[in-house]
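Notes for the one structure printed next.
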Amino acid sequence: MIAGWVIGLTSLIGNLTVLVLRLRQEQQLTVQTLLIMNLAVADCLMGIYMIIITSADIYFGSIYFLSAPIWRESHLCTFSSFLAFLSSECSVFTLALMTVDRFVCIIFPFSGYRLTVKSARISMMLLWLVICMLSVIPNLVPADLPGFYGLSDVCVGLPLHAESKEIGRLVFTEDFLSSGFLIEYVVVESTFRPSWLYAVATFIGVNMILFIIILICYIMMFIQVKRSTQSVANVALRNREIKVARKMAFIVGTDFACWMPIIVMGILTQSGLVVLPTSLYAWSVIFIIPINSSINPVLYTFVNYIENKKKAEQVRTKSKVDGMTAKRASVNDISLT
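Structure, rendered in structure tokens:
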């Protein structure tokens, strides 16, 4: 419960701060700023979802087991499911779009096929519209649909559960020592049914493809930066290479930490290799999915904001030093004359 409140409030407050800082910027709106603002909006929705879920946990408390069906069929749970799906998919797609934009700018710097502010705005509008429509689909099915989120108390249809059904027979064996019978249950047939294919396709298939695209793009960008740096023996350029590599590791690493555990557990579960406990739903939602929503503000805004302040301070310091040097030079000229 405490972790849910911390992550929810961190995501909401952090991303609202991102929006305020970006809106207060005096510089002209850029493609990167526009995409970051959309990413912050998506991550804000995840913070709202976390606050709703943790508030419901406090409200029901120890009597939740008596009210679980009522909660899962409530409009608030349906709305929470919509927010979680919309936030997670918009965040991943926006990260992918940002990655592709950076990839084109670095690998093909003279190409005309790059995002402009207008095309980025249109792309994000279409993206929000399509994902909103996709987010409504899970809420059109009954809340107790087997394999969806009927077994989940957090209103998210993660594909971490698969139903298994066994058909067997009772075998009676005569026990001569006790003059009785031994009864044994023997499994004759075992059937396996995976989760709803919609949840499998979105949370496992689509997100894995997007993550692979992001990873490949950043690897190619790093190789390109390294090649350009090797061609010019400049310490400043090598320092830039290290900074780029560090930011890439953060971006890819947080995305990996967020979705790869879900993807791996989903693949293992849906293939029937492992059986995960139902309680893993809640742990996955609280500790895995919201990671990006909490860390993205630091990666995309606060780090750059601090770096810009340091650069501005260095420029002011350099200006003061240059001014004092010029003043001393003029004084020396006057004294010599």
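At position 268 of the sequence shown (counting the first as 1) the number is 328 in my numbering, and the numbers step up by one without a gap. Backbone N, C-alpha and C fix where the C-beta goes; we use that ideal spot for every residue, glycine too.
Three-state class that DSSP yields for residue i in the structure shown
i	result
serine 339	coil
tyrosine 278	helix
glutamate 133	coil
arginine 376	helix
threonine 262	helix
glycine 172	coil
proline 350	coil
arginine 82	helix
valine 101	helix
cysteine 26	Outside the shown range of the chain (61 to 397) lies residue 26, about which nothing can therefore be said.
cysteine 215	coil
threonine 90	coil
serine 331	coil
leucine 220	coil
methionine 61	coil
Inter-residue CB distance, residue i and residue j (contact presumed, cutoff 8 Å)
i	j	result
valine 196	phenylalanine 139	No, valine 196 and phenylalanine 139 are not in contact; Cβ-Cβ is about 11 Å, not under 8 Å.
serine 71	cysteine 104	7 Å
methionine 106	serine 353	4 Å
leucine 99	asparagine 356	6 Å
valine 164	serine 171	6 Å
leucine 340	leucine 220	6 Å
Pairwise C-alpha distance: residue j and residue i
i	j	result
glutamine 92	alanine 261	29 Å
isoleucine 322	glutamine 330	12 Å
leucine 218	glutamate 373	47 Å
valine 80	serine 134	34 Å
isoleucine 276	aspartate 117	40 Å
serine 147	isoleucine 166	28 Å
phenylalanine 347	isoleucine 113	13 Å
phenylalanine 271	proline 129	35 Å
methionine 61	arginine 174	44 Å
serine 333	tyrosine 258	A quick correction: the sequence has leucine, not serine, at residue 333. Each residue's Cα considered, the two are about 21 Å apart.
isoleucine 264	glycine 326	7 Å
leucine 359	isoleucine 269	23 Å
arginine 82	proline 337	42 Å
valine 66	asparagine 75	14 Å
methionine 281	leucine 328	32 Å
glycine 210	valine 216	Reliability of the predicted coordinates at glycine 210 is poor, the pLDDT of 47 falling under 50, and the value obtained from them is presented with this limitation in mind. Approximately 9 Å, taken between the alpha carbons.
threonine 154	serine 179	14 Å
valine 335	arginine 84	50 Å
glycine 68	isoleucine 349	11 Å
arginine 376	proline 169	32 Å
isoleucine 73	methionine 193	27 Å
Beta-carbon contacts of residue i that lie in its chain and below 6 Å, excluding the five residues immediately before and after
i	result
tyrosine 399	Here the chain has residues from 61 to 397 only, and residue 399 is not among them.
leucine 136	none
glutamine 284	Ile166 and Ile167
glycine 64	Met110, Thr114 and Ile346
glutamate 149	Ile191
methionine 158	Leu95
serine 184	Per the sequence presented here, residue 184 reads as methionine, with serine not at that position. The residues are Asn98.
valine 101	none
alanine 342	Val214
threonine 187	Here the sequence assigns leucine to residue 187, which means threonine is not the residue at that position. Contacts found: Phe153.
Neighbourhood of residue i by C-beta distance below 7 Å, restricted to the same chain and skipping five residues each side
i	result
asparagine 199	Thr138, Ser141 and Phe142
asparagine 267	Val152, Trp319 and Ile323
threonine 77	Pro357
phenylalanine 310	Leu359
arginine 162	Met281
arginine 181	Leu94
Same chain, Cβ closer than 8 Å to residue i, neighbours up to 5 away in sequence not counted
i	result
isoleucine 351	Thr314, Ala317 and Cys318
isoleucine 273	Ala156, Thr159 and Val160
arginine 287	none
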